[in-house]
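Protein chains in written order, with my numbering: chain A, 1 to 139; chain B, 1 to 139.
2 protein chains.
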Amino acid sequence: MKNIKRPQRRSKQRQTILDELKKLTTHPTAVEMYEIVRETLPNISLGTVYRNLEMLAANGNIVKLKFGTSARFDGNSSRHYHVRCIHCGEVNDIDELPEDFVKQDFDKLGGYKIVGCKVEFVGICPTCSEKNINEVSQV
Amino acid sequence: MKNIKRPQRRSKQRQTILDELKKLTTHPTAVEMYEIVRETLPNISLGTVYRNLEMLAANGNIVKLKFGTSARFDGNSSRHYHVRCIHCGEVNDIDELPEDFVKQDFDKLGGYKIVGCKVEFVGICPTCSEKNINEVSQV
DNA sequence: ATCAATAATAGTAACTGTTACTATTATAAG
DNA sequence: CTTATAATAGTAACAGTTACTATTATTGAT
């Protein structure tokens, strides 16, 4: 079982990761964040990126999306939804969704104390749509 | 990019995997299914279990849940929801949810042709609740 | 400002879940 | 029954992530 610690000291690495992610509207993977942050901190290690992304997500500074093959991170931690393409795996924000898409909030379900609700739409992106693919490439 | 083929012939292995999964109300991982099926077919290989679970999911016979660390499979392919414990990772069905939880269906969102919508509730299960854990162990 | 305690790091090795490969076996059409 | 080839068992390889260890950086106390 993974054990995520709360940060106790500031570090330039964690701050840079947060700053760079907040600038983006895309949903980069840890490796993609690593490449972005290396432009500012060329010696940062991939492990540091992974560790800090987990810490930031655990503290609610960012959001971790675990729907696809590899985790993706979102600097926008306000409530919104995502679509992922079943062919290419690309993830996009959904902003224009009616506020009352989900009718109600729950605090208990099946004996669980509910702390959140993850919604991901699954679809076919415009680019893959053009290609007219008839094989399933991702489930 | 993974390429899932449609089955063209019957096999005892695939049929057994489907039968055994349909018997369960739990949401086993591929490795857990492997252990279950080995009681009937002791020589089945883990790769065969993975391959067939993917095929069955791609054909809609079963449902693949990719929210947690490892994929979990559900023999119940009718529409229902799940809760996962943020501490222990346990997944459970939600049956008592109002039918109209999601107000509307979409066929287009953000340029994507929508083919589905995945919802996962995140909470703390009764067992973990008792333990009064104050560290985040899974995000 | 300097020091001491230790959190956080870089670099790397190891691990976990999954997929690919290959020789062999089983299925189903003719 | 034969034959083409789908599907298999067994194993190696792979991707994403996590753990380990020696070193560096942060922060609170002097």
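Glycine included, C-beta positions come from ideal geometry on N, C-alpha and C.
Please classify residue 91(B): is it buried, with 16 or more other beta-carbons within 10 angstroms of its beta-carbon, or exposed?
As a first step, residue 91(B) must be located in the second sequence, where it is residue number 91. By the neighbour-count criterion, in which a residue is buried when 16 or more other Cβ atoms sit within 10 angstroms of its Cβ, residue 91(B) is buried.
Just checking my contact of residue 120(B) with residue 118(A) at CB under 8 Å: how many whole Å lie between their CB atoms?
If you number the second sequence from 1, residue 120(B) lands on position 120. If you number the first sequence from 1, residue 118(A) lands on position 118. About 5 Å; that satisfies the 8 Å criterion.
Assigned exposure category for residue 82(B) - 16 Cβ within 10 Å defines buried:
Counting from 1 along the second sequence, the entry for residue 82(B) is found at position 82. That one is buried.
Given a cut-off of 8 Å, decide if residue 75(A) and residue 41(A) are closer than it, judged by their beta-carbon atoms.
The residue given as residue 41(A) occupies position 41 in the first sequence. The residue given as residue 75(A) occupies position 75 in the first sequence. Contact: no.
Beta-carbon neighbours of residue 41(B), restricted to chain A and to distances below 8 Å:
In the second sequence, the residue the question calls residue 41(B) occupies position 41. Result: empty, since nearest Cβ-Cβ is about 24 Å, beyond 8 Å.
Taking the alpha carbon of residue 27(A) as the point to measure from, which residue in 56(A), 93(A), 46(A) and 35(A) has its own alpha carbon closest?
Reading the first sequence from its first residue, position 27 is the one you call residue 27(A). Of 56(A), 93(A), 46(A) and 35(A), the smallest CA-CA separation from residue 27(A) is found for 93(A).
What does residue 43(B) pair with, by DSSP beta-bridge criteria?
Numbered from its first residue, the second sequence carries residue 43(B) at position 43. The partner list for residue 43(B) (beta bridge, DSSP) is empty, contrary to what the question assumes.
On the CB-based measure, 16 or more other CB atoms within 10 Å of its CB, does residue 16(B) come out buried or exposed?
As a working note, residue 16(B) is residue 16 in the second sequence. Burial is judged here by how many other beta carbons sit within 10 angstroms of a residue's own beta carbon; residue 16(B) has at least 16 and is buried.
Does residue 74(B) come out as helix, strand or coil in the three-state DSSP assignment?
As a position in the second sequence, residue 74(B) is number 74, starting the count at 1. Of the three classes helix, strand and coil, the one that applies to residue 74(B) here is strand, per DSSP.
With a threshold of 8 Å between beta carbons, is residue 52(B) in contact with chain A?
As a first step, residue 52(B) must be located in the second sequence, where it is residue number 52. Not closer than 8 Å to any Cβ of chain A, the Cβ of residue 52(B) fails to qualify, so no.
Name the chain A residues whose beta carbon is nearer than 9 Å to that of residue 62(B)?
For the purposes of this step, residue 62(B) is identified with residue 62 of the second sequence, where counting begins at 1. For residue 62(B), there are no C-beta contacts with chain A under 9 Å, since the nearest C-beta of that chain is about 10 Å from it.
Starting from residue 93(A), follow the alpha helix (DSSP H) in both directions and report where the run begins and ends.
Translated into the one-based positions of the first sequence, residue 93(A) becomes position 93. No alpha helix (DSSP H) contains residue 93(A), which is instead part of the beta strand (DSSP E) from 91-94.
Can the beta-carbon of residue 71(B) be found less than 8 Å from the beta-carbon of residue 30(B)?
Residue numbering aside, residue 71(B) sits at position 71 when the second sequence is read from its first letter. Residue numbering aside, residue 30(B) sits at position 30 when the second sequence is read from its first letter. Residue 71(B) is a Cβ neighbour of residue 30(B), given a cutoff of 8 Å.
Work out the CA separation of residue 73(A) and residue 63(A) for me, nearest whole Å.
If you number the first sequence from 1, residue 63(A) lands on position 63. If you number the first sequence from 1, residue 73(A) lands on position 73. Inter-residue distance for residue 63(A) and residue 73(A) is about 6 Å (C-alpha atoms, whole angstroms).
Give me the subset of the segment 18-47 of chain A whose CB atoms are less than 9 Å from a CB atom of chain B, sorted by chain position.
Cβ contacts with chain B: none found.
With DSSP as the reference, label residue 12(B) as helix, strand or coil.
Sequence index remark: in the second sequence, residue 12(B) carries index 12 (1-based). Helix, per DSSP.
With DSSP run on the structure shown, which of helix, strand or coil describes residue 48(B)?
Residue mapping note: residue 48(B) aligns to position 48 of the second sequence, counting from 1. Helix.
Contact set for residue 61(B): own chain, Cβ-Cβ below 7 Å, skip 5 residues either direction:
For the purposes of this step, residue 61(B) is taken as residue 61 along the second sequence, with counting starting at 1. Apart from sequence neighbours up to five positions away, the residues of its chain that approach residue 61(B) with a beta-carbon distance below 7 Å are 18 and 77, ordered along the chain.
At a CB-CB cut-off below 9 Å, which residues of chain B make contact with residue 76(A)?
For this step, residue 76(A) is matched to residue 76 along the first sequence. By Cβ distance, chain B contributes nothing, its closest Cβ being about 15 Å from residue 76(A), past 9 Å.
Hey, would you say residue 36(B) sits closer than 8 Å to residue 13(B), going by beta carbons?
Indexing the second sequence from 1 puts residue 36(B) at position 36. Indexing the second sequence from 1 puts residue 13(B) at position 13. It is not a contact, given that the beta carbons lie outside the stated cut-off.
Within-8 Å CB hit, residue 119(B) to chain A:
Here residue 119(B) is taken as the residue at index 119 of the second sequence, counted from 1. For residue 119(B), the closest Cβ of chain A is nearer than 8 Å.
Under 8 Å between beta-carbons, which chain B residues line up against residue 83(A)? List them in chain order, please.
On the first sequence, position 83 is the one that residue 83(A) refers to. From the beta-carbon of residue 83(A), the residues of chain B found nearer than 8 Å are 109, 110, 112 and 114.
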